[in-house]
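S.K.: Position one of the sequence shown corresponds to residue 5 (my numbering), numbered consecutively onward.
Don't be surprised by glycine CBs; every beta carbon is placed ideally from N, CA and C.
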Amino acid sequence: MGTGTIATEHIVAAIRTVGHEVHWVVSRNRNYAKYFSEDMRIPKTSVEARQALGDPQVDFVYVSAARDRRKHYIATAAAAGKHILCDGPISSSSRVAGALVQKCKEAGISLTLNQPSRASTIHQTMRRLLIEGEIGTLQSLLIVRGAPFQSPPNRRNEDEEKEGNILLDFSAESIDLARFLTGQEPIDVSALETAPSDTSQQISYAVRMSGGVLFQAYESFATAEIESVVMLAGSHGALIAHGTLNGKTSGTLIRRTNARNELIPVRERDQHFTTIEGFLASVRQPSTWMCQGDDCVTALRTAEAIKSAGGKRRTIVI
Numbered sequence: 005m006g007t008g009t010i011a012t013e014h015i016v017a018a019i020r021t022v023g024h025e026v027h028w029v030v031s032r033n034r035n036y037a038k039y040f041s042e043d044m045r046i047p048k049t050s051v052e053a054r055q056a057l058g059d060p061q062v063d064f065v066y067v068s069a070a071r072d073r074r075k076h077y078i079a080t081a082a083a084a085g086k087h088i089l090c091d092g093p094i095s096s097s098s099r100v101a102g103a104l105v106q107k108c109k110e111a112g113i114s115l116t117l118n119q120p121s122r123a124s125t126i127h128q129t130m131r132r133l134l135i136e137g138e139i140g141t142l143q144s145l146l147i148v149r150g151a152p153f154q155s156p157p158n159r160r161n162e163d164e165e166k167e168g169n170i171l172l173d174f175s176a177e178s179i180d181l182a183r184f185l186t187g188q189e190p191i192d193v194s195a196l197e198t199a200p201s202d203t204s205q206q207i208s209y210a211v212r213m214s215g216g217v218l219f220q221a222y223e224s225f226a227t228a229e230i231e232s233v234v235m236l237a238g239s240h241g242a243l244i245a246h247g248t249l250n251g252k253t254s255g256t257l258i259r260r261t262n263a264r265n266e267l268i269p270v271r272e273r274d275q276h277f278t279t280i281e282g283f284l285a286s287v288r289q290p291s292t293w294m295c296q297g298d299d300c301v302t303a304l305r306t307a308e309a310i311k312s313a314g315g316k317r318r319t320i321v322i
């Protein structure tokens, strides 16, 4: 549901790779649905979600619509009893996201997010090495990312998303990644902005996590593109990922121990295939790594606390 980004095409290919078929394209624009279905060889189109959801061949739904349209598609799919994979975040508001999650729970269906940072083989390797004690007790997590805002690559020129919202485009994903890597929950947050009450282009924040880890982040749309850094610093060493959040390459992973750097070889996997494979498995039994609806609510609630902390210039309890 939704036909905008090039990434949607990759998800369609991944669905077919794991042995499933895409039966419907749903878009509020009839021509967009028609063109997408022709390009991707999908047999049926509709501007009405209920028509597609009434098809007994449809087992689950992938929502790739613009952020303000995701609520409609999620609610409609939940009412039809279809499992949902959705681009994140599912809403701009934690309150709305929470209501959608509750609706899905009441319907007995799974609401899972397409979260590339969790599907990254490097980030999954970092998590495993941390659990195995390769760097001792985790002390802190650092995430640095910056580049001029670019909307997701689109199949067509549109006026949507001319300007980014750093809290929704960067921070929500970084917060979710921090929870995924550390296994800890955000407790309170403080933030610095470039201008009072302006978190739209650049922000630095610190989050105290439930296990005592300090999570720090710098995120910017105001800088030239810089290679992203994700660093787990432990009592006996560090794991440092470069370029994993730039959206262009899988990046590299370095383990630093005893004042020496070691490049850790990581076998690349297609993130779209990994996501679809994980989603289908999570429908049968709870996933240990996929991002669920509740995870999105926590990320949005923390992002809202960051905005509040920056505006009020004080620590905000989440």
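Roughly how many angstroms separate the alpha carbons of A182 and K311, rounded to a whole number?
M.R.: C-alpha separation (whole angstroms): 18 Å.
S.K.: Considering only residues of the same chain and omitting the five flanking positions on each side of T253, which have a CB-CB separation below 8 Å?
M.R.: G247, listed in sequence order.
S.K.: Taking C-alpha atoms, which residue in T141, T129 and A176 lies nearest to I258?
M.R.: I258 has its Cα closest to that of T129, out of T141, T129 and A176.
S.K.: Going by the CB atoms, is the gap between T261 and G282 shorter than 7 Å?
M.R.: No. Outside cutoff.
S.K.: Could you tell me whether the region 167-180 touches the region 301-317, where touching means 3 or more Cβ pairs closer than 8 Å?
M.R.: Touching, yes.
S.K.: Taking only three categories from DSSP, how would you classify D163?
M.R.: Unreliable placement is indicated for D163, whose pLDDT of 46 sits below 50; no coordinate value is reported for it.
S.K.: Determine the direct distance from the alpha carbon of L218 to that of L142, and round the result to whole angstroms.
M.R.: Rounded to whole angstroms, L142 to L218 spans 9 Å at the Cα level.
S.K.: For T3, which of helix, strand or coil comes out of DSSP?
M.R.: The structure shown does not extend to residue 3, since the chain spans only 5 to 322, so no value can be given for it.
S.K.: With T7 and A37 assumed to form a contact (beta carbons below 8 Å), what rounded beta-carbon distance in angstroms separates them?
M.R.: About 6 Å; that satisfies the 8 Å criterion.
S.K.: Cβ of C90 within 7 Å of Cβ of R71?
M.R.: Not in contact: C90 and R71 (Cβ atoms no closer than 7 Å).
S.K.: Answer with buried or exposed for S239, where buried requires no fewer than 16 other C-beta atoms within 10 angstroms of its C-beta.
M.R.: With fewer than 16 Cβ atoms within 10 Å of its Cβ, S239 is classed as exposed.
S.K.: Rounded to whole angstroms, what's the CA-CA distance from G277 to I94? Just pull it up for me.
M.R.: The residue you asked about is not Gly; residue 277 is Phe in the sequence shown. If I take the Cα positions, the gap works out to 21 Å.
S.K.: Is DSSP giving G262 helix, strand or coil here?
M.R.: With the sequence shown as reference, residue 262 is identified as Asn, and Gly is not the correct amino acid for it. Correct three-state label for N262: coil.
S.K.: If distances are taken between C-alpha atoms only, which option among A18, M5 and E13 comes closest to D274?
M.R.: Ranking A18, M5 and E13 by Cα distance to D274 puts A18 first.
S.K.: Let me make sure I understand the geometry here. Which of A101, A245 and E272 has the alpha-carbon closest to that of G265?
M.R.: Checking the sequence, you will find Asn at residue 265 rather than Gly. Comparing Cα-Cα distances from N265 to each of A101, A245 and E272, the minimum goes to A245.
S.K.: Taking 8 Å as the limit between beta carbons, can you name the residues of its chain near R122, skipping five residues before and five after?
M.R.: Cβ within range, chain order: Q128, D180, L181, F184, W293, M294 and C295.
S.K.: Could you tell me whether the Cβ atoms of F64 and H87 are closer together than 7 Å?
M.R.: The answer is yes: Cβ separation under 7 Å.
S.K.: If you follow the beta strand (DSSP E) that L249 is part of, which residue opens it and which one closes it?
M.R.: Looking at the DSSP string, L249 is not in any beta strand (DSSP E), and its letter there is neither H nor E.
S.K.: What's the C-alpha gap between S232 and I126?
M.R.: If you take the alpha carbons of S232 and I126, they lie about 13 Å apart.
S.K.: Determine the closest residue to N250 out of I230, A263 and I268, with distance taken between C-alpha atoms.
M.R.: Checking every option, the nearest Cα to that of N250 belongs to I230.
S.K.: How would you write the range of the beta strand (DSSP E) that R136 sits in, first residue to last?
M.R.: For the sequence presented, residue 136 should be read as Glu rather than Arg. First-last for E136: undefined, no H or E at that position.
S.K.: By the three-class DSSP mapping on this structure, what secondary structure does E272 have?
M.R.: Looking at E272 - three-state DSSP - the assignment turns out to be coil, as it is neither helix nor strand.
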